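> Below are the structure tokens for one structure; questions will follow.
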Amino acid sequence: DQTEGRPRVKPGIIVMSELRGELAERVLEIQRRVDPRMAAELPPHVTITGSSGMGPISPDVTDEALRESLEPVAAATAPFTVRLQPPMRFMQSTVVVMPIDPNGPIRALHERVKRSGVRYEAARFTFTPHLTLSFYPELPRDVLRELLRVRFDEPLPIDSIQAYRAIDLTRTRKVLDLRLGTRDT
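Going by this note's numbering, the sequence shown opens with residue 1, and the numbers climb by one from there.
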């Protein structure tokens, strides 16, 4: 299940919450320095579905069907905040993430997506919401130590969800952007 020390990427659709503002810029600066490939592929985000708890949404789900399933989820979910925990290596891989407590509103959001009726792949890991700092490279020991010392103390707002469709192994396309607590996009 792993390629080059990181979890294998599966085709499909992932659901995330993009970071905004100063925190997004700070995370992007770190990502550009330690993993420019990842920084070029997706904006800084909290992963809601696709890598844990439920696998990627099936690639044959149309954008229209995805919208029909996820609009009610977004409308029923009030914006909330989470706290990023200290970085760690994800499941003994080379991937470095900042985990988030998997309980509370983020779990409720994840479960709403899971129960929305969209078809998805089986999960390889238990639900582990997170922000990825580095995905692709095998980091030199000094860079890994530095990355593991990163801390963000401010609460992170989760006020929208986005869905990204994998085009191929290195390209994605945003197919949905929904504000939480409203039907407006």
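Where is the CB? At the ideal position from N, CA and C, for every residue including glycine. A quick note: this is a predicted structure, and the numbers were derived from the prediction, not measured.
Just the Cα atoms here: how many angstroms apart are Val118 and Gln31?
One C-alpha to the other measures close to 31 Å.
> Is Arg175 helix, strand or coil by DSSP?
Here residue 175 is Val; the residue named in the question, Arg, does not match the sequence. If DSSP states are grouped into helix, strand and coil, Val175 belongs with the strands.
> Apart from the five residues on each side of it in sequence, which residues of its chain come closer than 7 Å, Cβ to Cβ, to Thr182?
So the qualifying residues of the chain are Ala75.
> Closer than 6 Å by C-beta to Leu148: which residues in its own chain qualify, once you throw out the five before and the five after it? Chain order, please.
Closer than 6 Å at the Cβ level, and outside the excluded window around Leu148, lie Pro87.
> Does DSSP put Pro157 in a helix, in a strand, or in coil?
Here Pro157 sits in strand by DSSP.
> Cβ of Leu176 within 8 Å of Cβ of Ala163?
Yes; because the gap between Cβ atoms is below 8 Å, this pair is in contact.
> Check whether the Cβ of Val96 lies closer than 8 Å to any Cβ atom in chain B.
No chain B is part of this structure, which consists of one protein chain only.
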